[in-house]
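What follows is a short report on a single structure.
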RNA sequence: GGCCCAUUCGUCUAUUGGUUAGGACGCAAGAUUUUCAUUCUUGAAAGAGGAGUUCGAUUCUCCUAUGGGCUACCA
């Protein structure tokens, strides 16, 4: 690569960053890091109508949480700023003027209402070479008329003049050559006088050029307008430094039709946003991966594999490994359905890798929420090490281990029916005596004693042990029984067996 | 409707003209166990359809079908 790699992630602050956007950011980041290049975060706030307060902060926080580091941006600074499009108005005005003076763009006065009316009356209406002379613009109107409208402060837009009948080629690094005829393109609005802002297309091209972007890596939804962008580079005379285009396949709904959207999360019960988000207007809350107990490393790993693979069977990769292995050659061309189950599995695996002490720190706030206090770190760490194998999320820790902190108040009906019969209370009373006779309550000491008692009396191992478990845990599940009793201690264990005898019917 | 992109197990994907079409999630069965889970082993499961090109196509070309995207003074 003769040119320094510079990529950009350019979200618009119209809401929380979507998980598909996160993946685009991630691929940009991996590509930049691998090539020793730079990553720019540009805020594309050219739609004053859809601006949502808090969205920009959300984007920063989400990327930081995931470990996607930005080199240049609104907060980071850089020599090609400002990095927020609403602060680049002068630049855009100047470039619009360049196009206008060169005769590559023109001024149009048609109001939104007029355009709607035209679309209504003409099927498949398109503002292009075939129709522009019947509209109200600087091409169809006389110079005097145009001047008068302008002098009177009429609202206008600037449209790109597209020559029909030309095959425009876009060279996409994932898809290869994509050709489209310019006749199917319309004279896109480049600038609106109403808010003195450009539209995406103009701002995008001007900024990418000025910011010396080498690779435009973005979602596939931009592929149809890529030829327009190529034409814009031509119109400005920037073809020599035009960036390479990469259009990533989309993330699709898990259950069928369309691309993954905001609503799918709540409908299907998984987050589509990295962080929890509360809509400032409606107050509606959308769940986030962070709040749902996902580890950022797991989210990154899982997301990286949705549309890319390392070319072998490797599945677990740290950010650094992803950076080393990433390649556009191994990006897939087709959309990927979002498989939430696999995401869960990734989190499970990453949770197992986490040191117990660290998991414990994540668990503590949840304990507090459930009103549990006064247990030592050492105790919690031992609990965590015992039950972590059965969790997918940090929050699962509570359900899997609550009996270590509070006595059971209910006993699982199914287990009671299966494991508790008339003779059981008597059996448990005997067990209490056996337990009372043991001084050293470690697993190594209690286990042989209790098992020996069962064998000597010729009792049924399964019946006794399951009933025992029922009184201590509340249901027939959990780690090795004598590991539980060791941690609970003699007094508490005996107390629970007694309570069980009283309560279970 | 028009234009563009795509199409391998249910899902994510490997295989870039010659493979018993591989792996992972999920699912099922078995092993282990005093329980549940973990874990381990095994299993079922795929190249959309039709024409070409070729000695040979999942792989190349075309058509059809299906899916997706775009078609705003949104990005």
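Residue numbers (the numbering used here): -2 to 502. Beta carbons are placed, not taken as given, at the ideal position from N, Cα and C, and that holds for glycine. Remember, predicted model here, so these are calculated numbers, not experimental data.
When the Cα atoms are used, what is the spatial distance from residue i to residue j?
i           : j           : result
residue 407 : residue 469 : 11 Å
residue 387 : residue 337 : 18 Å
residue 495 : residue 449 : 21 Å
residue 327 : residue 308 : 7 Å
residue 275 : residue 289 : 15 Å
residue -2  : residue 228 : Unreliable positioning characterises residue -2 in this predicted model, as indicated by a pLDDT of 44, which lies under 50. The coordinate reading is nonetheless provided below. Approximately 24 Å, taken between the alpha carbons.
residue 105 : residue 171 : 37 Å
residue 506 : residue 258 : With the chain running from -2 to 502 in the structure shown, residue 506 is simply not present.
residue 372 : residue 33  : 48 Å
residue 128 : residue 253 : 39 Å
residue 486 : residue 268 : 40 Å
residue 397 : residue 366 : 16 Å
residue 152 : residue 113 : 16 Å
residue 344 : residue 292 : 7 Å
residue 317 : residue 298 : 11 Å
residue 310 : residue 304 : 15 Å
residue 507 : residue 342 : With the chain represented from -2 up to 502, any question about residue 507 goes unanswered, as that position is not in the structure.
residue 363 : residue 287 : 14 Å
residue 425 : residue 447 : 12 Å
residue 91  : residue 43  : 16 Å
residue 452 : residue 357 : 38 Å
residue 434 : residue 455 : 20 Å
residue 444 : residue 474 : 18 Å
residue 508 : residue 361 : The question about residue 508 has no answer, for the chain in this structure spans -2 to 502.
residue 120 : residue 283 : 40 Å
Going by the DSSP bridge assignment, what does residue i pair with across the sheet?
i           : result
residue 328 : 305
residue 275 : 282
residue 37  : 5, 69
residue 29  : Paired residues: none, contrary to the question.
residue 143 : None; residue 143 has no bridge partner.
residue 264 : Its beta-bridge partners do not exist; DSSP assigns none.
residue 245 : 216
residue 193 : Paired residues: none, contrary to the question.
residue 166 : 176
residue 256 : 249
Quick check: residue i and residue j, are their CB atoms within less than 7 Å of each other?
i           : j           : result
residue 93  : residue 81  : no
residue 47  : residue 21  : no
residue 187 : residue 157 : yes
residue 68  : residue 123 : no
residue 155 : residue 102 : yes
residue 198 : residue 220 : no
residue 55  : residue 13  : yes
residue 164 : residue 242 : no
residue 491 : residue 432 : yes
residue 378 : residue 354 : yes
residue 138 : residue 323 : no
residue 211 : residue 0   : yes
residue 347 : residue 404 : no
residue 515 : residue 417 : The first residue shown for the chain is -2 and the last is 502, placing residue 515 beyond what the model contains.
residue 177 : residue 224 : yes
residue 57  : residue 214 : no
residue 247 : residue 256 : yes
residue 334 : residue 251 : yes
residue 478 : residue 466 : yes
residue 300 : residue 23  : yes
residue 175 : residue 181 : no
residue 285 : residue 273 : yes
residue 472 : residue 409 : yes
residue 383 : residue 240 : no
Taking all protein chains shown into account, decide if residue i is buried (16 or more other Cβ within 10 angstroms of its Cβ) or exposed.
i           : result
residue 150 : exposed
residue 331 : exposed
residue 161 : exposed
residue 207 : exposed
residue 482 : buried
residue 98  : exposed
residue 130 : exposed
residue 226 : buried
residue 504 : One cannot answer for residue 504 here, as it falls past the ends of the chain, which runs -2 to 502.
residue 15  : buried
residue 135 : buried
residue 125 : buried
residue 385 : buried
Is it a yes or a no for the stretch 3 to 11 touching the stretch 28 to 39, going by three-plus beta-carbon pairs under 8 Å? yes
The stretch 202 to 216 / the stretch 270 to 284 touching (three or more Cβ pairs under 8 Å): no
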